[in-house]
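Visitor: Below is one structure. I have some questions about it.
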Amino acid sequence: MSLVPHIGKHRIVSYQYQDSLLEWQFRKPGEPPASVAVSGAIQMNNSMAVRNAVLAGAGIARVPTFVVGSDLQEGRLTCLLSQYETLEISIYAVFPQRRHLSPKVRAFVEFMAGHISDQPYWDRDATF
């Protein structure tokens with residue numbers, strides 16, 4: 014995949030708790046996923062710290078848009094590889110049974126289902 018030469022020329026700022034610190038996976042719509050080997054001297058366990066490091070010029074990173082959306086909108090950061098998607102991460106709500114679900118749990122699950130979808134609410138009006 015043509016991503017390898019582009020990413021290999023940059024310093025990587027890695028989020029420590031991602032699936033793999035040594036590879037990033039991307040997918041172009043309609044194509045199978047591709048893995049890209051990365052190496053980074055900087056690893057952090059906080060997405061805001063990753064954001065701040067990238068803003069300070071420490072390198073490039075994969076950061077959720079809810080963390081860097083305003084930076085993209087205001088031109089402080091640039092989205093690289095926008096023609097590619099990262100692989101989805103699933104979120105599960107686990108509870109003992111649905112039959113006697115408490116109103117609080119039901120309200121939370123319905124709220125999350127309405128706000129976390131194919132396009133999360135924080136990206137719906139974005140222009141990046």
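The opening position of the sequence shown corresponds to residue 14 in the numbering used here, with each subsequent residue numbered one higher.
No residue lacks a Cβ here, since even glycine has one placed at the ideal position from N, Cα and C.
Everything numeric in this text was worked out from a predicted model, so none of it was measured.
1. Which partner residues of residue 87 appear in the DSSP bridge assignment?
2. Tell me the DSSP secondary structure of residue 40 in three-state form.
3. List the endpoints of the continuous beta strand (DSSP E) containing residue 50.
4. Starting from residue 26, follow the beta strand (DSSP E) in both directions and report where the run begins and ends.
5. Residue 56 lies in the beta strand (DSSP E); which residues open and close that run?
6. So residue 36 and residue 54 are supposed to be a Cβ contact under 8 Å. How far apart are they, rounded?
7. Which of the three DSSP states, helix, strand or coil, is assigned to residue 101?
8. Counting along the chain, where does the alpha helix (DSSP H) carrying residue 77 start and finish?
9. Taking only the alpha-carbon atoms, compute the straight-line gap between residue 139 and residue 109 and give it to the nearest angstrom.
10. Apart from the five residues just before and just after residue 25, which ones in its own chain have a Cβ nearer than 6 Å to its Cβ?
11. Could you tell me the distance, in whole angstroms, from the CA atom of residue 33 to the CA atom of residue 56?
12. Among the candidates 87, 62, 70 and 79, whose CA atom is the shortest distance from the CA of residue 129?
Guide: The structure says:
1. The partner list for residue 87 (beta bridge, DSSP) is empty, contrary to what the question assumes.
2. strand
3. 47-50
4. 26-28
5. 55-57
6. Their Cβ separation, rounded to whole angstroms, is 16 Å, which puts residue 36 and residue 54 out of contact at 8 Å.
7. Coil at residue 101, not helix or strand.
8. Where residue 77 is concerned, there is no enclosing alpha helix (DSSP H), given that its DSSP letter is neither H nor E.
9. 37 Å
10. 51, 53 and 72
11. Cα-Cα distance, rounded: 12 Å.
12. 79
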